[in-house]
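Q: Numbering-wise, the working numbering comes out as the position in the sequence shown, counting from 1, plus 41. Every residue, glycine too, gets a C-beta built ideally from N, C-alpha and C.
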Amino acid sequence: MGAVKTKRMPRAVREQQMLDAAVRTFGRRGYMAASMDEVAELAGVSKPLVYLYLNSKEDLFTACIRRESAALIAAVRAGVRPDLPADLQLWDGLRAFFTHTSHHPDAWSVLHLQARTHGEPFASEVAAMRADIVAFVTQLILVAAREAHRDPDLPESEVAGVAEALVGAAESLADWANTTPGVSARQAAATLMNVAWAGLGDLREGRRWTPPDAAQEAASG
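#1: Could you tell me whether the region 72-82 touches the region 131-138, where touching means 3 or more Cβ pairs closer than 8 Å?
#2: Which word fits T22, buried or exposed, when buried means at least 16 other C-beta atoms lie within 10 angstroms of its C-beta?
#3: If you run the structure through DSSP and keep just helix, strand and coil, what is R122?
#4: Quick check on H153: does DSSP put it in helix, strand or coil?
#5: Just verifying my parser: in three-state terms, what is the DSSP assignment at A186?
#6: Go to E197, then tell me how far its alpha helix (DSSP H) extends in each direction, as first and last residue.
#7: Quick check on this structure: which residue in T221, G223, A211 has the alpha carbon closest to the alpha carbon of N235?
#8: Three Cβ pairs or more, each shorter than 8 Å: is that satisfied between the region 53-62 and the region 119-135?
#9: Distance, Cα to Cα, S198 vs H144?
#10: In the structure shown, what three-state DSSP assignment does A74 receive?
#11: For G202, does the count of other Cβ atoms within 10 angstroms reach 16, so buried, or fall short, so exposed?
#12: Hey, could you find the ends of the alpha helix (DSSP H) R136 is sitting in?
#13: Within 10 Å of its beta-carbon, does A148 have 16 or more other beta-carbons around it, so buried, or fewer, so exposed?
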């Protein structure tokens, strides 16, 4: 009897398998230290096949960034229910963010640590993802602020900086949570909500902290 032929794996499935291996390798070894040999071995394929599918190490890393960026954005958006009050929408979004980053630590390392420190074109790919998340958070805060002020024309610029700061804090907190034993996604989200929502409450109510003018600072210095 002749040898039984195994069914060929579809290209799309094989490519995702390679990307899974690449995310793990890049996330744990770093972009510079990771090798295509390691990716191929982990994926269970030959190195020429990795090059055939994904062209180069740079293209492979870019493909990882794009896939994991899309997955993170989708997770955050899916976690938010638009019928809920603004604070619960923000809570759900943060919890979805921290849940995803805790469940995919290698992907988060690729996005937040590796891609940002190796220049272009990687940094631009991550910047696009971050801009999408900041815009989403800005809209959540803007709706709450407009409702509180009873001003449907409250400019977006009033809350854009707050959203930028909130996303930056979430990124740093995700790093801390992923490297601190015993910190759950729920705990990380609650930590940030306790810091952020009090300040957002002041913004929504029109109470703003203002710095002293230059003359006062000079006198106190």
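A: With the structure as the only source:
#1: Not touching, per the Cβ criterion.
#2: The question about residue 22 has no answer, for the chain in this structure spans 42 to 262.
#3: Of the three classes helix, strand and coil, the one that applies to R122 here is coil, per DSSP.
#4: Annotated three-state conformation of H153 is helix, per DSSP.
#5: Three-state result, A186: helix.
#6: From DSSP, E197 is part of no alpha helix (DSSP H); its letter is neither H nor E.
#7: The shortest Cα separation from N235 among T221, G223, A211 belongs to A211.
#8: Touching, no, given that fewer than three Cβ pairs across the two stretches are closer than 8 Å.
#9: Taking the straight line joining both Cα atoms gives about 34 Å.
#10: Coil at A74, not helix or strand.
#11: The residue is exposed, with fewer than 16 neighbouring Cβ atoms inside 10 Å.
#12: Unbroken alpha helix (DSSP H) run through R136: 127-144.
#13: Burial state of A148 is buried, judged by a 10 Å Cβ sphere holding 16 or more other Cβ atoms.
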